[in-house]
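Take a look at the structure set out below.
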Amino acid sequence: MSGRLLRLHLRARRAPTFLAGVGVVAVLAWIGGNWLASRPYFDGPAARIPVVTLAPLLGATLLAPTLGGADEELERGTPLPWPRWRLGHVLLGATLIGGTLMLAGLRTPEVFGAYALLRNTLGCVGLVAGAAVLLGARLAWVAAFGYVCAVYAAAPRQIGGAAGVWAWPVQPSAVGSSWVVALVLLVVGTAGYRRWGARAGVRKGPFIYKKR
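For the sequence shown, the numbering used here gives the first residue as 448, with consecutive numbering after it.
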């Protein structure tokens, strides 16, 4: 991958907008997390749950549009090793989101801080990458947004056990099963996106039809 091709690829996938958005999310996460944890009427570090769930979700949502180009069929017609490019794209995006957000949660990383932010980033990116294969890049954020919001609204009080699996975004980072679920989502979603890429849309008249 030459430097020029990489720059063209990142520009076509709106990478500058993505990077700026992740920076804004990280700053807001740091401010909001510290403010919530310092309020006497909240439960200390656990008060960061809104930040720990929403910040990685927003980061993954920003990544979603970059998973597809303006013309997927045209891109796929170019003689490039697209599976490797797609794999690198998702892993680089997850690294940038997770690394940046971890800086916002270093104050108490062992509870609802840096570690939980990283775990939720991995899981949300996996959901977005997998959804891109099924729904296309424009709608890739829907699955992660719907699932994380539903789990947050359910507000399970159980730690570990079954809740560690289905409610992994709101579990403390010490719950091992929550990490397993997040990593499985990342591996499965990334593998699917590497193999098939984002679902392409074909414009016919005023409508856009999806096709594989």
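C-beta atoms are modelled at their ideal positions from N, C-alpha and C, and glycine is treated no differently. In this text, all values refer to a predicted model and were calculated from it rather than measured experimentally.
Cβ shell of Leu565 (< 6 angstroms), same chain only, five flanking positions each side left out: Residue 565 sits at position 118 when you count from the first residue of the sequence shown. Result list for Leu565: Gly545, Met549, in chain order.
Nearest to Asn481 (by Cα), restricted to the options Val499, Arg641, Trp529, Leu509: For this step, residue 481 is matched to residue 34 along the sequence shown. The residue with the shortest Cα to Cα distance from Asn481 is Val499.
Cβ-Cβ separation, Ala601 to Ala614 (assumed contact under 8 angstroms), whole Å: Counting from one through the sequence shown, the residue named residue 614 turns up at place 167. Counting from one through the sequence shown, the residue named residue 601 turns up at place 154. Yes, Ala614 and Ala601 are in contact; Cβ-Cβ is about 7 angstroms, under 8 angstroms.
Reduced DSSP category for Ser485 - H, G, I as helix; E, B as strand; rest coil: Reading the sequence shown from its first residue, position 38 is the one you call residue 485. Helix at Ser485.
Leu457 (DSSP reduced to helix, strand or coil): Position 10 of the sequence shown, counting from 1, holds the residue named residue 457. Residue state, collapsed to three classes: helix.
Nearest-angstrom beta carbon gap, Arg646 and Val589 [assumed within contact, 8 angstroms]: The residue labelled residue 589 in the question sits at position 142 within the sequence shown. The residue labelled residue 646 in the question sits at position 199 within the sequence shown. Their Cβ separation, rounded to whole angstroms, is 13 angstroms, which puts Val589 and Arg646 out of contact at 8 angstroms.
Within the segment 533-557, ranges of the beta strand (DSSP E) (whole runs, at least 3 residues): none
Residue span of the alpha helix (DSSP H) that contains Phe592, given as start and end: For the purposes of this step, residue 592 is taken as residue 145 along the sequence shown, with counting starting at 1. Phe592 -> alpha helix (DSSP H) spans 588-601.
Closest residue to Gly577 among Leu632, Leu504, Ala493, Gly593 (Cα-Cα distance): Position 130 of the sequence shown, counted from the first residue, corresponds to residue 577. The shortest CA-to-CA distance from Gly577 to any of Leu632, Leu504, Ala493, Gly593 is the one to Leu632.
Stretch-stretch touch, CB-based, cutoff 8 angstroms, three pairs: the segment 505-517 with the segment 620-630: Judged by Cβ distances under 8 angstroms, the segment 505-517 makes no contact with the segment 620-630, as fewer than three pairs qualify.
Burial state of Val622 (16 or more Cβ within 10 Å): What you label residue 622 is simply residue 175 of the sequence shown in a count that begins at 1. Flag for Val622 reads buried.
Chain-order list of residues whose beta-carbon lies under 6 angstroms from that of Thr508 (same chain, five-residue window excluded): The residue you call residue 508 lines up with position 61 of the sequence shown. Closer than 6 angstroms at the Cβ level, and outside the excluded window around Thr508, lie Trp588.
Anticipated Cβ contact below 8 angstroms, Leu504 with Val595, distance rounded: Translated into the one-based positions of the sequence shown, residue 504 becomes position 57. Translated into the one-based positions of the sequence shown, residue 595 becomes position 148. Correct: roughly 5 angstroms between the Cβ atoms.
Residue range of the alpha helix (DSSP H) that includes Thr500: Translated into the one-based positions of the sequence shown, residue 500 becomes position 53. It spans 496-510 - the alpha helix (DSSP H) in which Thr500 sits, taken as one unbroken run.
For Val404, the first and last residue of its enclosing alpha helix (DSSP H): Residue 404 falls outside the range modelled here, since the chain spans only 448 to 659, and no answer is possible.
C-beta neighbour in chain D for Cys571, strict 7 angstroms: The structure shown has no chain D; it contains just one protein chain.
Whole-angstrom C-beta distance between Ala551 and Ala476, which should lie under 8 angstroms: Position 29 of the sequence shown, counting from 1, holds the residue named residue 476. Position 104 of the sequence shown, counting from 1, holds the residue named residue 551. That pair is a contact at about 4 angstroms.
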